[in-house]
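Student: The structure's right below; bear with me while I get my questions together.
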Amino acid sequence: MAFNLLSGLARVGSRLNISSQALLKPTLLPHTFKMSFRNGSSYKPSGGGGYGGGGGGSRFSGGDSGYGKKSFGSSYKNDFASRTTKPDFSNLTPFVKEFYQPHPSIASRPQHEIEAYRAKHQITVKGKNVPDPIMKFGEVNFPDYVEAQILREGFTEPTSIQAQGWPIALSGRNMVGVAQTGSGKTLAYALPAILHINAQERLKQGDGPIALVLAPTRELAQQIQVVARDFGSSTHVRSTCVFGGAPRRQQAYDLRRGVEFLIATPGRLLDFLSEGTTNLRRCTYLVLDEADRMLDMGFEPQIRKIIEQIRPDRQVLMWSATWPQEIRNLANTFLGDFAQVNIGSLELSANKNILQIVDVCREDEKEKKLYALLQEIGQENEKKTIIFAMTKRKVDNLSRIISRAGWRSGAIHGDKSQADRDAVLRSFRSGKIDILVATDVAARGLDVDDVKFVVNYDYPSNSEDYIHRIGRTGRSSKTGTSYAFFTQENSRQARDLVNVLKEANQVVSAELEGMASRGGGGGGYRGGYGNRYGTFKGGFGGGRENRFGGGGARKSFGEKRDFGNSNGYGEKSHKKFSDYS
Numbered sequence: 001m002a003f004n005l006l007s008g009l010a011r012v013g014s015r016l017n018i019s020s021q022a023l024l025k026p027t028l029l030p031h032t033f034k035m036s037f038r039n040g041s042s043y044k045p046s047g048g049g050g051y052g053g054g055g056g057g058s059r060f061s062g063g064d065s066g067y068g069k070k071s072f073g074s075s076y077k078n079d080f081a082s083r084t085t086k087p088d089f090s091n092l093t094p095f096v097k098e099f100y101q102p103h104p105s106i107a108s109r110p111q112h113e114i115e116a117y118r119a120k121h122q123i124t125v126k127g128k129n130v131p132d133p134i135m136k137f138g139e140v141n142f143p144d145y146v147e148a149q150i151l152r153e154g155f156t157e158p159t160s161i162q163a164q165g166w167p168i169a170l171s172g173r174n175m176v177g178v179a180q181t182g183s184g185k186t187l188a189y190a191l192p193a194i195l196h197i198n199a200q201e202r203l204k205q206g207d208g209p210i211a212l213v214l215a216p217t218r219e220l221a222q223q224i225q226v227v228a229r230d231f232g233s234s235t236h237v238r239s240t241c242v243f244g245g246a247p248r249r250q251q252a253y254d255l256r257r258g259v260e261f262l263i264a265t266p267g268r269l270l271d272f273l274s275e276g277t278t279n280l281r282r283c284t285y286l287v288l289d290e291a292d293r294m295l296d297m298g299f300e301p302q303i304r305k306i307i308e309q310i311r312p313d314r315q316v317l318m319w320s321a322t323w324p325q326e327i328r329n330l331a332n333t334f335l336g337d338f339a340q341v342n343i344g345s346l347e348l349s350a351n352k353n354i355l356q357i358v359d360v361c362r363e364d365e366k367e368k369k370l371y372a373l374l375q376e377i378g379q380e381n382e383k384k385t386i387i388f389a390m391t392k393r394k395v396d397n398l399s400r401i402i403s404r405a406g407w408r409s410g411a412i413h414g415d416k417s418q419a420d421r422d423a424v425l426r427s428f429r430s431g432k433i434d435i436l437v438a439t440d441v442a443a444r445g446l447d448v449d450d451v452k453f454v455v456n457y458d459y460p461s462n463s464e465d466y467i468h469r470i471g472r473t474g475r476s477s478k479t480g481t482s483y484a485f486f487t488q489e490n491s492r493q494a495r496d497l498v499n500v501l502k503e504a505n506q507v508v509s510a511e512l513e514g515m516a517s518r519g520g521g522g523g524g525y526r527g528g529y530g531n532r533y534g535t536f537k538g539g540f541g542g543g544r545e546n547r548f549g550g551g552g553a554r555k556s557f558g559e560k561r562d563f564g565n566s567n568g569y570g571e572k573s574h575k576k577f578s579d580y581s
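Counting along the sequence shown from 1, when you hit position 439 you're at 439 in UniProt numbering, and nothing is skipped either side.
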């Protein structure tokens, strides 16, 4: 029996160029994410791998979840070209993409009232014949199943991007949406996608998805899929997400079984396309979410290869937090005649609902200041906090020290398993832990509505990442507070940070202004990490009674003056949180 099994495997392996031993290896399929089907059944597709270290197994990008630019060399391009054939678009089946009928109240609304609404909500539009915005959910004429889910979610009125974006998307127009994080853009494209799917012929065996969303990271892809599942389940719209760093077998099974709504990172999707696991012949609704981030990560060649596989009369929606030249070029190439919606300024800008406090300090002061800050936060009724650090080791160390000091905290970064990260995020969302310490893995895509505070323990390498970090608070028109420790090592970012603060109507300290005016030069601080993060030992400070810097750290900010002279809200003292409310 064993001999027959091995010989049979050898024959199969020889055809696939795989050894019989490899065929015998078990494959671990951790089930960490739910997938819904038209028949009402469900199962969980697999989890993912590390963000910072890059997703495994992608020949096209070296993984979807690493930092920095990815290479897409000629050998990879040729490999993809050799494994795929360019679709024949000469005989296309018509499809439906126009569903919008203006509500009578919109048709009769005076133009000055429309312009006043746009001005109040900082909406600007460009393009030909852009539909007027809706002002309440009842003006969209969504199907009953969508309206029912909106009520279940507790939404009371559309956000700015939804108010203007829905009429455009439901009209079948190509569009570009430029809006900050937390603006409600996922629903702005997901609900039209579900209506689009339900208006098409049902999938047949071997058909690929009807709606495709490309996203830069697995975290964002998974969160989009939650929305797709929640709003599509009542009409049995099947959805799943595929991303690098996760076992491929379960994802391939999902695709072969058939899904109408696919969310994917570019490299992993290209792998499946080249292998014939799925195809984009039925795709008529394409979304590029966080397009600026995907280009920053070097995914433009992959995006172009994917779009080449989609019929030219598709509907395309591109979403970005910024509007640089690279994004404009991509839009002009693939969207043709499109409508553009901008929420707020086109420049790199932060949410004005967030109070930003920047503390110019020495590296060896940061731990003690963090302890004082967490004590102040601990006195608040709403205390959910995200702390960002630059390295995985520092994240783990900070989380461990914070937990030992009595706060409930957890850590996520690229070396954590998907199961561990999901568990920590569940605890954070549910309130079992109040503090999440993270690398930039959580800066994009992390969607937790009730985060009240963000702490940049380490200032990021650029202002865009800073804006996306602090955007984890102040979501859905709520208010929030962000803190940043800014050291001499960050002085090159001073000028950009000052611009961000001024654009958001924040007070800028004289010390930070001085750094910026000196061309980013600093004021003679002797930074450096010293022992672990500075000169402190045994946690955030010395002394058993108060490990974080002696008994003085337990005083309020106003008494302690740790955050003085740099936040712009006083000469040498720091207002308590209640002073800002």
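The beta-carbon is built from N, C-alpha and C at its ideal position, and this holds for glycine as well.
1) Please state the DSSP three-state secondary structure of alanine 264.
2) Would the beta-carbon of tyrosine 459 fall within 8 angstroms of that of alanine 389?
3) So, at 8 angstroms on beta carbons, what are the nonlocal neighbours of serine 239 in its own chain, with the 5 sequence-adjacent residues on each side left out?
4) Go through the stretch 265-320 residue by residue and report every complete run of the beta strand (DSSP E) that reaches 3 residues or more, in order.
5) How should leucine 151 be labelled, buried or exposed, when 16 other C-beta atoms within 10 angstroms of its C-beta is the threshold for buried?
6) In the structure shown, what three-state DSSP assignment does serine 239 receive?
7) What residue does the beta strand (DSSP E) around glycine 177 start on, and which one ends it?
8) Could you please give me the residues that DSSP links to threonine 124 through a beta bridge?
9) Considering only the beta carbon of each residue, do phenylalanine 338 and valine 176 sit closer than 8 angstroms?
10) On the criterion of 16 or more Cβ atoms from any shown chain inside 10 Å, does asparagine 174 qualify as buried, or is it exposed?
11) Quick check on the burial criterion: 16 or more other C-beta atoms within 10 angstroms. Buried or exposed for histidine 196?
12) What ranges does the beta strand (DSSP E) occupy inside the UniProt domain "Helicase C-terminal" (369-516), keeping only unbroken runs of at least 3 residues that lie completely in it?
13) Pick helix, strand or coil for valine 130, following the three-state DSSP scheme.
14) Within 10 angstroms of its Cβ, does proline 104 collect 16 or more other Cβ (buried), or is it exposed?
15) The alpha helix (DSSP H) with valine 227 in it runs from where to where?
16) In whole angstroms, what separates the C-alpha of proline 266 from that of leucine 335?
17) Around the Cβ of phenylalanine 89, are there at least 16 other Cβ atoms within 10 angstroms (buried) or fewer (exposed)?
18) Mapping DSSP to helix, strand and coil, what is isoleucine 210?
19) Taking the Cβ atom as the reference point for each residue, do lysine 452 and lysine 384 lie within a distance shorter than 8 angstroms?
20) With three or more beta-carbon pairs closer than 8 angstroms as the criterion, would you say the stretch 300-318 touches the stretch 133-151?
21) With 16 other CB atoms within 10 Å as the buried threshold, where does glutamine 180 fall?
22) Which residues does DSSP list as the beta-bridge partners of aspartate 359?
23) Using only the alpha-carbon positions, how far apart do lysine 305 and arginine 311 sit?
24) Rounding to the nearest angstrom, what Cα-Cα distance links aspartate 434 and phenylalanine 486 in this structure?
25) Compute the distance between the beta-carbons of aspartate 496 and aspartate 465, then report whether it is under 8 angstroms.
26) Taking the alpha carbon of glycine 474 as the point to measure from, which residue in Gly184, Gly154 and Gln164 has its own alpha carbon closest?
27) Drop a sphere of 10 angstroms on the beta-carbon of threonine 278, count the other beta-carbons inside from all chains shown, and report buried for 16 or more, exposed for fewer.
28) Quick one: residues in its chain with C-beta nearer than 6 angstroms to the C-beta of valine 130, no 5 flanking neighbours on either side, listed in chain order?
29) Less than 8 angstroms between C-beta atoms, sequence neighbours within five positions excluded: which residues of the same chain meet that for isoleucine 168?
30) Rounded to the nearest angstrom, what separates alanine 221 and phenylalanine 243 at their Cα positions?
31) Between the beta-carbon of phenylalanine 428 and the beta-carbon of glycine 414, is there less than 8 angstroms?
32) Starting from the C-beta of arginine 282, find all residues in its chain whose C-beta is less than 6 angstroms away, skip the five residues before and the five after it, and write them out in chain order.
33) Taking the alpha-carbon positions, what's the alanine 504 to asparagine 353 distance?
34) Is threonine 235 closer than 8 angstroms to tyrosine 145 when the C-beta atoms are compared?
35) Mind reading off the beta-carbon distance from residue 593 to alanine 438? Whole number of angstroms is fine, and I expect it under 8 angstroms.
36) How many Å lie between glutamine 200 and lysine 136 at the Cα?
Tutor: Concretely, from the data shown:
1) strand
2) no
3) Met35, Ser36, Gln225, Ala228, Arg229, Gly232, Val259, Glu260, Phe261, Leu262 and Ile263
4) 285-288 and 315-320
5) Exposed, since its Cβ has fewer than 16 Cβ neighbours within 10 Å.
6) strand
7) 174-178
8) Asn342
9) For the pair phenylalanine 338 and valine 176, the CB atoms are nearer than the 8 angstroms cut-off.
10) So asparagine 174 counts as buried.
11) buried
12) 385-388, 409-412, 435-438, 453-456 and 480-486
13) coil
14) exposed
15) 218-232
16) C-alpha separation (whole angstroms): 18 angstroms.
17) Exposure of phenylalanine 89 is indicated by the presence of fewer than 16 other C-beta atoms within 10 angstroms of its C-beta.
18) Isoleucine 210: coil per DSSP, three-state reduction.
19) yes
20) no
21) buried
22) Note: aspartate 359 sits in a beta bridge opposite Phe485.
23) 13 angstroms
24) Roughly 24 angstroms between the two C-alpha positions.
25) no
26) Gly184
27) buried
28) Ala339
29) For isoleucine 168, the CB contacts under 8 angstroms within the same chain, skipping 5 residues up- and downstream, are Val130, Pro131, Met175, Ala339 and Val341 in chain order.
30) 8 angstroms
31) no
32) Asp207, Gly208 and Ile210
33) 9 angstroms
34) yes
35) The requested residue 593 is not part of the displayed model; the chain covers only 1 to 581.
36) 27 angstroms
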